[in-house]
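First the structure, in the form of structure tokens, and then the observations on it.
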Amino acid sequence: MAVEKTQSNTQKFTATNVIIGIILVVGAILTILRFTKGLGAVTNLDNNNPWGIWIGFDLLCGVALAAGGYVTSAACYVFGLKRYHSAVRPAILTAFLGYALVVFALHYDVGRPWRLPYPIFVSQGTSSLLFEVGLCVFLYLTVLFIEFTPAAFEWLGLKKIRQIVVKLTLVLTIFGVVLSTLHQSSLGALFMIAPSKLHPLWYSGYLPVYFFISSMFAGMSMVIFESTLAHRYLSHKMDHAHHEESHGVAFGFAKAASFIMMGYLAIKIVGLSIDNNWNYLATGWGLWFLIELVGFVAFPAILFAMGFREKNLMFVRIAAVLTVLGIVLNRLNISIIAFNYHLPSADRYFPSLMEIGTSVFIVTIGIVVYRFVATRMPVLYEHPDYKTH
Amino acid sequence: MAISRRKFIGCIGAAALGNATGALGKAYGASNKHFKGYPDSFGVLHDITKCIGCRKCESACNAVNDLPEPRVPFDDLSVLDTRRRTDADVFTVVNRFQHEPYVFAKKQCNHCLEPACASACFVKAFTKTKQGAVIYDESLCVGCRYCMVACPFDVPAYEYHKALTPRVTKCTMCYPRLLEGKLPGCVEACPKNALVFGKRDELLKYAWKRIYAYPDQYTDHVYGEHEMGGTSWLYISGVSFSEVGMREDLGITSAPELTAGPLSAVPIVVGLWPVLLTGMYAISKRKDRIAQEEKAAAVAETIALSQEETQNKLDALREKMTREKTAAINFEVKKALEEAEKEAQETADQEQKPEPEAGSDSGESIEEDK
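Those protein sequence lines, which keep their order, are chains V and E.
Take the first sequence: its position 348, counting from 1, is numbered 1193 in the working numbering, and each next residue is one higher.
Take the second sequence: its position 275, counting from 1, is numbered 592 in the working numbering, and each next residue is one higher.
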């Protein structure tokens, strides 16, 4: 089913393309503003609120939602679940793009982006969890890049190099899981340094564990969600195996995600009990906390389980979207909403339109690049010359 | 000039790196060491009861640090009507608090013994010097602002309006002046002795002496003695510290200790995960192989069994067929003989008269055949 020629040449000015074009132009303007007038001109950040949605959404959510890469490749290559094989490539591609965009977004947020290699090559602040995050993201981005190269090599017809990289699959996968464990958890641990600023319902000694565990079901839900989108828009690019296996992948991940989310709920309750924070549940913050935990973890977990039992793909897809939203909510709660909860409302942060615009711009770049790659390289189908079975 | 706590927390990270690169590092994950600050390091004691809110310290700070002219001149006390914090070009502020009579308190970097900013910085742009000052190296800073997230006192500020060279700014305890043997600008300028410079240990003793000597004037607390592991800047006050905008819920755990746990988990993960994951892989691989072998064995057995069965069936069938064939042959032979006999009889009957002997002869031979 590898259709080599795209039919899109005839219709370049579709509504989608026009919207994408507008977003890219606006993004370019915002980029110029950011690098000529500074963060102050574009963002609502201030001395009390040094991190906004470029960290809370672009970095924290970006990394969590790109977890599909390590989850899927580990399921297929380490745990030997071969039926996930057709899902590995799209997951690796989205993970690679996700991480690349995270790093790209960081260039907007940090003051002197050309110094981003400093923590690794110039002055290593090893006492900082951000150092660990930086090092792991740098290494993992490299791993993801190498993991994705076989698709590009197949596209370019470089058989020998492809063969070498394919042989490294297991080592790369294990390295990827180690690095993911470390930086996914460290992103949560970043906030452990500020117990006086983060609301007690979200602050916990288990923050790194919460971030790591939630990244697993975030990744799985994202794989299901992306596959839903890909089926709608890139169906003609998929081969028989991908079509055959994708429902199995969705149901398999639904079942796994349901279990992990239940475990996550359990450890959240453990954290609540250990710090004895039950009394906060009766407050407004408590309600918000419960909305996050019940509405966006417990409910989708049950929906996943039901979807799996009744083989109802719609349930699974709805649950996946809810879970993804829940992850976004959780990361925003920790980095922005429940952070600096003690400050008077006048001193609280709310993103500016230009900040939101930049984030939309960056997500759009991701979609455009994904579409470019998936319509050209063997991602959703196996290259006929390199069939595995 | 790194401090020991930071150094050993750093070692944990280094151990992680070491593991990754194959080198060996020392990890002191679970130490119960308590860092009490560099011996003979300096500090400042702020006696809040003596502060009159004249803003002379702010003015001096502005001058010695070559900061830009303020929007509101320092002798204009109307700024006290609003609550202020440190800013990119304001390293210290005096705030007035509603109390009878008014209470004034100065705010600036507290120069933690184990600074959160320094522990949080991923390029080591902050250093706690032996003199007690926490200083910042602009040449390393990436501008990630994690130090501002980490600081429990909300002190570091950022030059948000510089496009390409923004710095994090904060009070340096006038470190350059300390090296020259001078007092910090604010201390030198204070007309009421609300700021006392000295060795931290001695200031601490002096602070407690004041509290014991005038128990009616002071609350029973030296702020900064233990807060966040202790700070070089110390405070004594007549009203509770939360009333003068200082948080009393910070706890006594230093910032590096707060993140020591997750950092010490790094080398464990780096060491264990590859083993566990390779094990998982081996188990799943082995399971696959065993399943395959079992399948092959089962198939072979089934084939053998069915072959044997077929053979048996075939044999039985062959035997049966042979028997039936023999029976059929015998039957046919018998039938043929009977027919022949009958025929012979008939012929005999016909030829009875002319040849009677021949008939009896053939009849005898049939009897023998049977």
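Where is the CB? At the ideal position from N, CA and C, for every residue including glycine.
Nothing here was measured: the structure is a model prediction, and the numbers come from that model.
Check: Is residue 1121 of chain V helix, strand or coil when you go by DSSP?
Finding: coil
Margin query: Does chain E have any CB closer than 8 Å to the CB of residue 1034 of chain V?
Written below: yes
Next item on the list: For my contact list, residue 477 of chain E and residue 883 of chain V are in at a C-beta cut-off of 8 Å; report their separation, rounded to the angstrom.
Entry: 6 Å
Next item on the list: With a threshold of 16 other CB atoms inside 10 Å of the CB of residue 1006 of chain V, please say whether the residue is buried or exposed.
Entry: exposed
Margin query: Which same chain residues end up closer than 7 Å to residue 1020 of chain V when comparing Cβ atoms and leaving out the 5 residues on each side of it in sequence?
Written below: The answer, listed in chain order, is 988.
Note to self: Could you pull the DSSP bridge partners for residue 412 of chain E from this structure?
What the structure shows: E:422
Check: What is the DSSP secondary structure of residue 452 of chain E, counted as helix, strand or coil?
Finding: strand
Margin query: Can you pull the chain V neighbours of residue 478 of chain E, defined as C-beta to C-beta under 9 Å?
Written below: 882, 883, 884, 885 and 886
Notebook entry, point to check: In whole angstroms, what is the alpha-carbon distance linking residue 1114 of chain V and residue 1139 of chain V?
Noted result: 12 Å
Checklist line | Rounded straight-line distance, which links the Cα of residue 977 of chain V to that of residue 513 of chain E | finding: 40 Å
Check: Straight-line CA distance for residue 386 of chain E to residue 993 of chain V?
Finding: 55 Å
Checklist line | Beta-bridge partners of residue 429 of chain E, as assigned by DSSP | finding: Within the DSSP secondary-structure output, residue 429 of chain E pairs in a beta bridge with E:548.
Item checked: Boundaries of the alpha helix (DSSP H) in which residue 1014 of chain V is found, first to last residue -> 1014-1034
Checklist line | Stretch-stretch touch, CB-based, cutoff 8 Å, three pairs: the region 860-880 of chain V with the region 1206-1220 of chain V | finding: yes
Next item on the list: Could you tell me which residues DSSP pairs with residue 474 of chain E in its beta bridges?
Entry: Answer by DSSP bridge pairing, in chain order: E:486.
Next item on the list: Using a Cβ-Cβ cut-off of less than 7 Å, give me the residues of the region 425-454 of chain E that come near chain V, in sequence order.
Entry: 433, 436, 437, 438, 439, 440 and 441
Item checked: Residue burial classification, residue 1083 of chain V (beta-carbon count within 10 angstroms, cutoff 16) -> buried
Margin query: Judging by CA-CA distance, which residue of E:421, E:352 and E:417 is the nearest neighbour of residue 552 of chain E?
Written below: E:421
Item checked: Contact check, residue 1090 of chain V vs residue 935 of chain V, beta carbons under 8 Å -> no
Next item on the list: Using DSSP bridges, identify the partner residues of residue 444 of chain E.
Entry: E:452
Checklist line | Given residue 1237 of chain V as reference, the closest of V:891, V:886, V:901 and V:1184 once Cα atoms are compared | finding: Since the displayed chain V opens at 846 and closes at 1234, residue 1237 of chain V lies outside it and no answer follows.
Item checked: chain V within 8 Å of residue 525 of chain E, Cβ atoms only -> With 8 Å as the cut-off, residue 525 of chain E does not count as an interface residue toward chain V.
Notebook entry, point to check: Could one say the Cβ of residue 1218 of chain V lies closer than 8 Å to chain E's Cβ atoms, at least one of them?
Noted result: no
Next item on the list: Quick one: which residues of the region 998-1014 of chain V get their C-beta closer than 8 Å to a C-beta of chain E? List them in chain order.
Entry: Listed by position, the residues of the region 998-1014 of chain V near chain E (Cβ gap below 8 Å) amount to none.
Item checked: Whole-angstrom distance between residue 960 of chain V and residue 461 of chain E, CA atom to CA atom -> 10 Å
Item checked: Selection from E:483, E:423, E:481 and E:491 that minimises the alpha carbon distance to residue 446 of chain E -> That would be E:491, whose Cα lies nearest to the Cα of residue 446 of chain E.
Notebook entry, point to check: Among V:878, V:1110 and V:1086, which has the Cα closest to the Cα of residue 1228 of chain V?
Noted result: V:1086
Next item on the list: Taking residue 460 of chain E as the query, report the chain V residues whose CB atoms sit under 7 Å from its CB, ordered along the chain.
Entry: 955, 956 and 957
Check: Under 7 Å from any heavy atom of the ligand COA, does the C-beta of residue 1129 of chain V make it?
Finding: No copy of the ligand COA appears in this structure; indeed no ligand is present at all.
Note to self: Taking contact to mean 3 or more Cβ pairs, one atom from each stretch, closer than 8 Å, check whether the region 457-476 of chain E and the region 601-608 of chain E are in contact.
What the structure shows: no
Next item on the list: To the nearest angstrom, report how far apart residue 1134 of chain V and residue 486 of chain E are at their CA atoms.
Entry: 35 Å
Item checked: Opposing strand residues paired with residue 404 of chain E [DSSP bridges] -> E:407
Checklist line | Terminal residues of the alpha helix (DSSP H) in which residue 930 of chain V lies | finding: Element bounds for residue 930 of chain V: 930-954.
Notebook entry, point to check: Just reading off the beta strand (DSSP E) that residue 516 of chain E is part of, what are its end residues?
Noted result: 512-516
Next item on the list: Work out the CA separation of residue 909 of chain V and residue 954 of chain V for me, nearest whole Å.
Entry: 18 Å
Check: What separation, rounded to the nearest whole angstrom, lies between the Cα atoms of residue 562 of chain E and residue 1137 of chain V?
Finding: Distance between the alpha carbons of residue 562 of chain E and residue 1137 of chain V: 32 Å.
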